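Asker: Each residue of the sequence shown is one higher than the one before, counting from -16 in the numbering used here.
Note that the Cβ used here is the ideal one computed from N, Cα and C, for glycine as well.
As the structure is a prediction and not an experimental result, all values here were calculated from the model.
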Amino acid sequence: KSSHIRAFRQNWNLMVPHSYDDSVAILRGLIAEGNDVTMLTNFASDTLREAQGRFPFLTESRGVTVSGDIRMLKPDREIYEHHVASFDLDPAATLFIDDSPANVEGAKAAGWQAVHFTGAPKLADDLRSLGLSF
């Protein structure tokens, strides 16, 4: 397992060669409309810093909880509770978006609203159905 982790950390940039402009536009639109956007990631600290250098939009939210910093992982309930406490969020008024069904279910179990990300068009529909502008 540790060899897989090392291989990922050395080669993650090959698996994520570019950002997805339509998804980035939604993120930026949510922020521009005054929505409080924070991030919760299972990235390691050094990998996230490298990603932020490559993809500046990753620095545009109010803040980020990095699992590598706090030694917690999605979908464990404690990471969602930690994020809520760190950013003074109301779980029932917090929307979690993730491409992992397990992480979406973890957020729901922690009292958050959550949607499964499968692509920007569906995310846009999901956000509109929740009354969000972007």
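Report the three-state DSSP secondary structure of residue 77 (helix, strand or coil).
Answerer: Here residue 77 is taken as the residue at index 94 of the sequence shown, counted from 1. It is coil, neither helix nor strand.
Asker: Could you pull the DSSP bridge partners for residue 46 from this structure?
Answerer: Within the sequence shown, residue 46 is the residue found at index 63, counting from 1. For residue 46, which the question treats as bridged, DSSP gives the partners 21.
Asker: Anyone know if the C-beta pair for residue 28 and residue 52 falls short of 7 Å?
Answerer: For the purposes of this step, residue 28 is taken as the residue at position 45 of the sequence shown. For the purposes of this step, residue 52 is taken as the residue at position 69 of the sequence shown. Yes, the Cβ-Cβ distance between residue 28 and residue 52 is below 7 Å.
Asker: In angstroms, rounded to a whole number, what distance separates the CA positions of residue 37 and residue 15?
Answerer: Mapped onto the sequence shown, residue 37 falls at position 54. Mapped onto the sequence shown, residue 15 falls at position 32. Taking the straight line joining both Cα atoms gives about 22 Å.
Asker: Using a 10 Å radius around the Cβ and a threshold of 16 neighbouring Cβ atoms, would you call residue 26 buried or exposed?
Answerer: Counting from 1 along the sequence shown, the entry for residue 26 is found at position 43. So residue 26 ends up on the buried side.
Asker: Please determine, among 75, 73, 30, 98, the residue with the shortest C-alpha to C-alpha distance to residue -9.
Answerer: Here residue -9 refers to the residue found at position 8 when the sequence shown is read from its first residue. Ranking 75, 73, 30, 98 by Cα distance to residue -9 puts 30 first.
Asker: Since I believe residue 98 is in contact with residue 80 (beta carbons under 8 Å), could you give me their beta-carbon distance rounded to a whole number of angstroms?
Answerer: Within the sequence shown, numbered from 1, the residue matching residue 80 stands at position 97. Within the sequence shown, numbered from 1, the residue matching residue 98 stands at position 115. About 5 Å; that satisfies the 8 Å criterion.
Asker: Within the continuous beta strand (DSSP E) that includes residue 99, where are the two ends?
Answerer: Mapped onto the sequence shown, residue 99 falls at position 116. Where residue 99 is concerned, the enclosing beta strand (DSSP E) stretches over 96 to 99.
Asker: CB-CB under 7 Å to residue 69, same chain, minus the five flanking residues each way: which ones, in chain order?
Answerer: Here residue 69 refers to the residue found at position 86 when the sequence shown is read from its first residue. Excluding positions up to five away in sequence, the list reads 48.
Asker: Hey, out of 76, 112, 108, 21, whose CA is closest to residue 96's CA?
Answerer: Here residue 96 is taken as the residue at index 113 of the sequence shown, counted from 1. Nearest of 76, 112, 108, 21 to residue 96, Cα basis: 76.
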